[in-house]
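Q:
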Amino acid sequence: MIVKKHEHDAGEVEFIHAEKAESVRSMMRSDDQFFRFAEKIKTLGDPTRLKILFALSQAELCVCDIANLLCVSNSLISHHLRLLKTMRLVRYRREGKMAFYVLDDEHIRNIFTEGFNHIEE
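When the letters of the sequence shown are read in order and numbered with this note's numbering, they come out as residues 87 to 207.
1) May I ask you to report which of helix, strand or coil DSSP gives L189?
2) Can you tell which of I163, E108, R180 and L130 has its C-alpha closest to the C-alpha of C150?
3) Can you have a look at R179 and say buried or exposed, based on whether 16 or more other CB atoms are within 10 angstroms of its CB?
4) Quick one, are the C-beta atoms of L139 and F202 less than 8 Å apart?
5) Less than 8 Å between C-beta atoms, sequence neighbours within five positions excluded: which residues of the same chain meet that for M173?
6) What does the alpha-carbon distance come out to for the pair R51 and G182?
7) Rounding to the nearest angstrom, what Cα-Cα distance links A145 and E207 in this structure?
8) Whose C-alpha, out of H204, I205 and N196, is nearest the C-alpha of L142?
9) Beta carbon of D190, beta carbon of L175: below 8 Å?
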């Protein structure tokens, strides 16, 4: 066991496993990356948005289909979709006057798969 003292903003900190701590420190993401990740997680913290994302993980849908499926207004769905689009969780394509929404990429589908696997354990 290697003991190494390291000066930190909060004062002197003692690491019992200095090599492990340094290894983890070298892998730490930037503050900006943690902030952006936290923002995405906050976006997922709303049950209505989760239902929208789940529906879109099953099929490409328009606002009116999602609103009908969730028994809420089109304007509420549009509001949530705007936020989900801003956070790059969904994207859309236009067909005439209609906009059809899908998940932005496979990562979002994987979050759902892993999330539901985790709560069903």
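Backbone N, C-alpha and C define an ideal beta-carbon position, used for all residues, glycine too.
A: So, from the listed chains and residues:
1) Residue state, collapsed to three classes: strand.
2) Check the Cα spacing between C150 and each of I163, E108, R180 and L130: the tightest is with I163.
3) With fewer than 16 Cβ atoms within 10 Å of its Cβ, R179 is classed as exposed.
4) No, they are not a contact pair.
5) Cβ neighbours of M173 beyond the five flanking positions: E125, K126 and T129.
6) Any property of residue 51 remains undetermined from this structure, which presents the chain solely from 87 to 207.
7) Distance between the alpha carbons of A145 and E207: 26 Å.
8) Per the Cα distances, N196.
9) Taking 8 Å as the Cβ cut-off, D190 and L175 qualify as a contacting pair.
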